[in-house]
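Protein chains: 4
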Amino acid sequence: MSDEKYFQNITTRERAIFEGAITMGALFHQFVGTPVSMGSAPSLEKAMEQSLTLQPCISSVKVRIDRETLENAENEYDYLSLTGDMLDVRVSSQYQEVKVVVRMHYIEELQYPLMYVEEVD
Amino acid sequence: MSDEKYFQNITTRERAIFEGAITMGALFHQFVGTPVSMGSAPSLEKAMEQSLTLQPCISSVKVRIDRETLENAENEYDYLSLTGDMLDVRVSSQYQEVKVVVRMHYIEELQYPLMYVEEVD
Amino acid sequence: MSDEKYFQNITTRERAIFEGAITMGALFHQFVGTPVSMGSAPSLEKAMEQSLTLQPCISSVKVRIDRETLENAENEYDYLSLTGDMLDVRVSSQYQEVKVVVRMHYIEELQYPLMYVEEVD
Amino acid sequence: MSDEKYFQNITTRERAIFEGAITMGALFHQFVGTPVSMGSAPSLEKAMEQSLTLQPCISSVKVRIDRETLENAENEYDYLSLTGDMLDVRVSSQYQEVKVVVRMHYIEELQYPLMYVEEVD
Numbered sequence: 001m002s003d004e005k006y007f008q009n010i011t012t013r014e015r016a017i018f019e020g021a022i023t024m025g026a027l028f029h030q031f032v033g034t035p036v037s038m039g040s041a042p043s044l045e046k047a048m049e050q051s052l053t054l055q056p057c058i059s060s061v062k063v064r065i066d067r068e069t070l071e072n073a074e075n076e077y078d079y080l081s082l083t084g085d086m087l088d089v090r091v092s093s094q095y096q097e098v099k100v101v102v103r104m105h106y107i108e109e110l111q112y113p114l115m116y117v118e119e120v121d
Numbered sequence: 122m123s124d125e126k127y128f129q130n131i132t133t134r135e136r137a138i139f140e141g142a143i144t145m146g147a148l149f150h151q152f153v154g155t156p157v158s159m160g161s162a163p164s165l166e167k168a169m170e171q172s173l174t175l176q177p178c179i180s181s182v183k184v185r186i187d188r189e190t191l192e193n194a195e196n197e198y199d200y201l202s203l204t205g206d207m208l209d210v211r212v213s214s215q216y217q218e219v220k221v222v223v224r225m226h227y228i229e230e231l232q233y234p235l236m237y238v239e240e241v242d
Numbered sequence: 243m244s245d246e247k248y249f250q251n252i253t254t255r256e257r258a259i260f261e262g263a264i265t266m267g268a269l270f271h272q273f274v275g276t277p278v279s280m281g282s283a284p285s286l287e288k289a290m291e292q293s294l295t296l297q298p299c300i301s302s303v304k305v306r307i308d309r310e311t312l313e314n315a316e317n318e319y320d321y322l323s324l325t326g327d328m329l330d331v332r333v334s335s336q337y338q339e340v341k342v343v344v345r346m347h348y349i350e351e352l353q354y355p356l357m358y359v360e361e362v363d
Numbered sequence: 364m365s366d367e368k369y370f371q372n373i374t375t376r377e378r379a380i381f382e383g384a385i386t387m388g389a390l391f392h393q394f395v396g397t398p399v400s401m402g403s404a405p406s407l408e409k410a411m412e413q414s415l416t417l418q419p420c421i422s423s424v425k426v427r428i429d430r431e432t433l434e435n436a437e438n439e440y441d442y443l444s445l446t447g448d449m450l451d452v453r454v455s456s457q458y459q460e461v462k463v464v465v466r467m468h469y470i471e472e473l474q475y476p477l478m479y480v481e482e483v484d
């Protein structure tokens with residue numbers, strides 16, 4: 001059984017963009033709020049990468065949690081709640097011959113972690 | 122300040138698809154797991170709709186949580202944890218003159234709540 | 243069918259505290275990350291209250307999202323991603339004759355949204 | 364700076380139960396909905412354990428995602444969205460000399476993943 005019939009109305013390129021975008025939105029809203037520290041950041045990055053790579057048409061996910069923010073955490077408990085501003089993520093999707101990289105990172109001038117299409121081949 | 126410069130490499134139509142897809146992925150992963158019952162479903166649907174409509178290029182979000190599933194909940198506590206299978210969602214995005222509807226609902230033959238582009242104008 | 247046999251080893255008061263604490267942890271981690279604005283805050287507060295009130299032994303939940311923070315949002319898109327620092331929450335639990343209020347709000351000197359037992363009767 | 368003054372009204376034992384319960388509620392609602400497969404389950408378990416162990420008074424967290432459920436996943440995409448029914452979790456909290464284990468696992472007769480206090484020393 002295949003899902004192809006649901007995607008007849010968009011191009012190959014649009015499909016690759018569509019799937020990359022879904023996965024970026026999913027990653028942000030699944031993991032924001034997770035407790036994180038210098039010590040736990042590597043295992044959280046790995047879980048985010050491996051779990052989101054399972055989604056349709058995703059070939060790889062690279063997540064970087066900002067270590068400087070974690071080092072500067074000065075509350076009583078030495079950990080933070082993960083926010084979008086701390087994330088730099090690249091989601092690579094592929095549909096047929098088209099490869100797309102969707103990127104998210106904090107952009108100073110927008111004061112916002114922007115999601116955009118960084119590459120389309 | 123504008124984010125336009127980050128979207129020079131994709132078409133107007135691709136931008137509308139991109140933003141609709143992000144919002145659908147976000148909606149699923151933000152709200153799955155929320156306790157829900159027949160009584161609370163309307164307020165949850167409304168919050169999902171209003172919060173996700175805030176995202177860039179989103180003109181409307183319509184959420185329907187399946188009442189039949191809620192009625193059949195037979196555990197000790199009369200509520201369920203929201204799953205993707207219980208959701209029927211339409212996210213309408215618009216960028217310039219292009220309007221897109223991204224849909225998610227459970228598809229029997231795929232045994233999966235599929236996200237796809239239902240309309241592109 | 244009842245869950246009583248699983249709670250033989252704790253007191254009535256401990257049970258009321260236990261259930262209030264679970265619900266507070268649940269609320270934080272379910273909803274942090276949700277897009278929110280001045281306009282959408284009321285529907286989000288209501289959904290948080292109604293959905294978490296469904297949990298075992300919970301008699302009421304009161305949620306207040308800080309409007310000052312929302313008014314000061316100055317990014318391109320006029321909304322924020324909900325954080326724990328913006329929340330003031332009271333979860334009221336009751337088990338038999340014991341009533342408990344679990345509170346969470348941001349505490350300046352701890353630089354942290356602390357969860358604690360505000361009242362036990 | 365210390366948070367001790369906020370906990371004057373509860374016993375040492377109640378504090379240990381309180382913190383364990385918060386963390387169990389947090390774990391469930393943070394991670395339910397995450398895509399998971401046989402291959403990704405180990406990294407997800409590890410991230411859940413390391414991130415929740417950061418919370419106040421938590422000495423260890425053990426998470427087991429049910430492999431039988433994952434093996435039986437028969438949809439088009441070979442992964443599932445994590446649900447509470449697939450989880451068996453032990454959160455160990457300690458406050459001063461009191462140790463508590465909060466457990467969550469699916470209980471057939473309740474048709475529900477119950478959270479309860481498994482041990483108090």
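Which chain is which? The protein sequence lines are V, H, U and C, in order. Heads up, the first sequence is in the numbering used here, so the first residue is 1 and it goes up one at a time. Heads up, the second sequence is in the numbering used here, so the first residue is 122 and it goes up one at a time. Heads up, the third sequence is in the numbering used here, so the first residue is 243 and it goes up one at a time. Heads up, the fourth sequence is in the numbering used here, so the first residue is 364 and it goes up one at a time. Heads up, the beta-carbon is just placed ideally off N, CA and C, and yes, glycines get one too.
Closest Cα partner of residue i within the set the options
i	options	result
Phe394 of chain C	H:Gln176, H:Asn130, H:Val182 and H:Ser202	H:Ser202
Ser123 of chain H	V:Val117, V:Ile107 and V:Glu119	V:Ile107
Arg90 of chain V	V:Tyr116, V:Cys57 and V:Leu70	V:Tyr116
Tyr337 of chain U	U:Asp320, U:Leu352, U:Asp363 and U:Glu351	U:Asp363
Phe391 of chain C	C:Glu408, C:Glu431, C:Glu377 and C:Pro419	C:Glu408
Val61 of chain V	V:Ser93, V:Leu70, V:Thr83 and V:Glu68	V:Ser93
Tyr277 of chain U	U:Gln250, U:Phe249 and U:Leu312	Correcting the residue type first, residue 277 of chain U is Pro in the shown sequence and not Tyr. For Pro277 of chain U, the nearest C-alpha among the options comes from U:Leu312.
Pro355 of chain U	V:Tyr6, V:Gly33, V:Gln8 and V:Ile22	V:Gly33
Glu351 of chain U	V:Leu110, V:Tyr77, V:Glu97 and V:Gly84	V:Tyr77
Tyr442 of chain C	H:Gln232, H:Glu218, H:Met225 and H:Asp209	H:Gln232
C-beta atoms of residue i and residue j nearer than 8 Å
i	j	result
Ala268 of chain U	Lys341 of chain U	no
Ile179 of chain H	Met207 of chain H	no
Val464 of chain C	Met387 of chain C	no
Glu135 of chain H	Glu14 of chain V	yes
Ala142 of chain H	Ala21 of chain V	yes
Buried versus exposed call for residue i [16 or more other C-beta atoms within 10 Å across all chains shown]
i	result
Glu246 of chain U	exposed
Gln418 of chain C	buried
Arg430 of chain C	exposed
Thr133 of chain H	exposed
Any C-beta of chain V under 8 Å from that of residue i
i	result
Thr446 of chain C	no
Pro476 of chain C	no
Gln371 of chain C	no
Glu135 of chain H	yes
Ser455 of chain C	no
Below-8 Å beta-carbon distance, residue i vs any chain U residue
i	result
Val483 of chain C	yes
Ala384 of chain C	yes
Tyr95 of chain V	no
Ser161 of chain H	yes
Ile380 of chain C	yes
Gln393 of chain C	yes
Asp451 of chain C	no
Asp429 of chain C	no
Val222 of chain H	no
Ser164 of chain H	yes
Val157 of chain H	yes
Leu175 of chain H	yes
Closer than 7 Å: residue i CB and nearest the ligand MG heavy atom
i	result
Glu350 of chain U	In terms of ligand content, the structure shown is empty, and the ligand MG therefore cannot be addressed.
Min CB distance residue i to chain C below 8 Å
i	result
Tyr348 of chain U	no
Tyr321 of chain U	no
Ser59 of chain V	no
Beta carbon proximity, residue i to chain H, threshold 8 Å
i	result
Val117 of chain V	yes
Gly396 of chain C	yes
Met24 of chain V	yes
Lys288 of chain U	yes
Leu352 of chain U	no
Problem set entry | Touch test, the stretch 274-282 of chain U against the stretch 169-188 of chain H, Cβ-Cβ under 8 Å, three pairs minimum | Between the stretch 274-282 of chain U and the stretch 169-188 of chain H, the count of Cβ pairs shorter than 8 Å is three or higher; the stretches touch.
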